[in-house]
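Residue numbers (the numbering used here): 1 to 328.
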């Protein structure tokens, strides 16, 4: 993609903007370059290096990634892993415990069985026998960390797709801060983090989409400064069978895609990694359990719930506080 530069008003400042493909989707960076800071070529190189490293370590779509080499190992195996991979395993375990096992990183066999994963063959409801067999290979309790090694006592397969992009955004944001860049919007596969102000001094404004299959419609626009934002929903990756919608969001306890009226949930959090994981966790829990969870744990969450007349919006108290939005 071409670099777009919007010049400032004679003070040497400029708005830099560029992006490209990553993780089967895209990434983009916008930042205010003040005089004396790194130029766009250097920043782009730093960002692309971070994304390439995340891909080498965490991608489930390349056989030579660190996590896919681990996934190919049989039960009772260990593999030395980068610190970043071990960090995400710990985060995944934390989220799994907090959701009583509904959220789980070891869902790749389920993703493949239902047709959503990298080895998925056909999007369809599997037989009860096939599902029961795959569930024997699901559960964070089969993973443990031993020093710098990740180990498993069953043939589990780890899928970082619910947190890898958030981790990448946090890593990019930290690198921008280290380069002295403090006014930016960093985004990867829709997960983002914004800090500071735009070139004209206005806030970074983020549009939250209405969860529609046919078009993109902004449901709410919020100002973001210093927070990560992540949205999970059932309206992008799904299939229909016998009049039912089956999305790519799984409850690891049942082994099936969630079937409830929560269409999407957006989380705002100081960490893009946690916003990414928590939006998935809340999407799994469904409208009532997720609402109670968000209120109990002071999570900034914006819920869009399907109803007979369209959509119902609910915003947690923390979301209103962090984004300046009105509580519904």
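Yeah, the Cβ is synthetic: ideal placement off N, Cα and C, and Gly gets one too. Predicted model only: the values in this text are computed from it and were never measured.
- For the 9 angstroms CB-CB criterion, residue 27 and residue 256 do not form a contact.
- For the 9 angstroms CB-CB criterion, residue 117 and residue 276 do not form a contact.
- A distance below 6 angstroms between beta-carbons, with the five flanking residues on each side excluded, links residue 251 to the following residues of its chain, in chain order: 102, 258 and 284.
- When rounded, the separation of the alpha-carbon atoms in residue 262 and residue 230 is 15 angstroms.
- With fewer than 16 other Cβ atoms inside 10 Å of its own Cβ, residue 69 counts as exposed.
- Listed in chain order, the non-local C-beta contacts of residue 90 below 8 angstroms within the same chain comprise 145, local neighbours out to five positions each way being set aside.
- Shown here, residue 223 sits in a strand according to DSSP, grouped into three states.
- Counting the other Cβ atoms within 10 Å of the Cβ of residue 148 gives fewer than 16, which makes it exposed.
- When the five nearest sequence neighbours on each side are left out, the beta carbons in the same chain lying within less than 7 angstroms of the beta carbon of residue 197 are those of 183 and 203, in order along the chain.
- DSSP places residue 111 inside the alpha helix (DSSP H), whose first and last residues are 108-114.
- Residue state for residue 105 is assigned as coil, using DSSP reduced to three classes.
- DSSP, read as helix, strand or coil, puts residue 182 in coil.
- Across the structure, residue 105 and residue 220 are spaced so that their CA atoms are roughly 30 angstroms apart.
- DSSP, reduced to helix, strand and coil, places residue 37 outside both helices and strands of the structure shown, so it counts as coil.
- A distance below 7 angstroms between beta-carbons, with the five flanking residues on each side excluded, links residue 109 to the following residues of its chain, in chain order: 134, 137, 138 and 157.
- With a threshold of 16 other beta carbon atoms within 10 Å, residue 63 falls short and is exposed.
- In its chain, beyond the 5 residues on either side, 38 have a beta carbon closer than 6 angstroms to the beta carbon of residue 179.
- Taking 9 angstroms as the cut-off, the beta carbon of residue 31 is found closer than this to the beta carbon of residue 181.
- DSSP, reduced to helix, strand and coil, places residue 123 outside both helices and strands of the structure shown, so it counts as coil.
- Residue 60 is not a Cβ neighbour of residue 50, given a cutoff of 9 angstroms.
- Taking 9 angstroms as the cut-off, the Cβ atoms of residue 280 and residue 301 do not count as close.
- Under the three-state reduction of DSSP, residue 312 is assigned to strand.
- Non-local beta-carbon contacts of residue 322 in its own chain, meaning distances under 7 angstroms to residues more than five positions away in sequence, involve 227, 268 and 300 in chain order.
- For residue 191, the uninterrupted beta strand (DSSP E) run begins and ends at 191-195, by DSSP.
- Considering only 278, 296, 142 and 175, the residue with the shortest C-alpha distance to residue 195 is 175.
- 9 angstroms or more divides the Cβ of residue 54 from the Cβ of residue 154.
- Residue pairing by DSSP puts residue 25 in a beta bridge opposite 22.
- For residue 301, no alpha helix (DSSP H) run applies; the uninterrupted beta strand (DSSP E) run containing it begins and ends at 300-307, by DSSP.
- In this chain, the alpha helix (DSSP H) harbouring residue 94 covers 83-98.
- Annotated three-state conformation of residue 198 is coil, per DSSP.
- Beta-bridge partners assigned by DSSP to residue 291: none are found.
- For the 9 angstroms CB-CB criterion, residue 152 and residue 76 form a contact.
- Inter-residue distance for residue 150 and residue 72 is about 13 angstroms (C-alpha atoms, whole angstroms).
- In the structure shown, residue 57 adopts helical secondary structure according to DSSP, grouped into three states.
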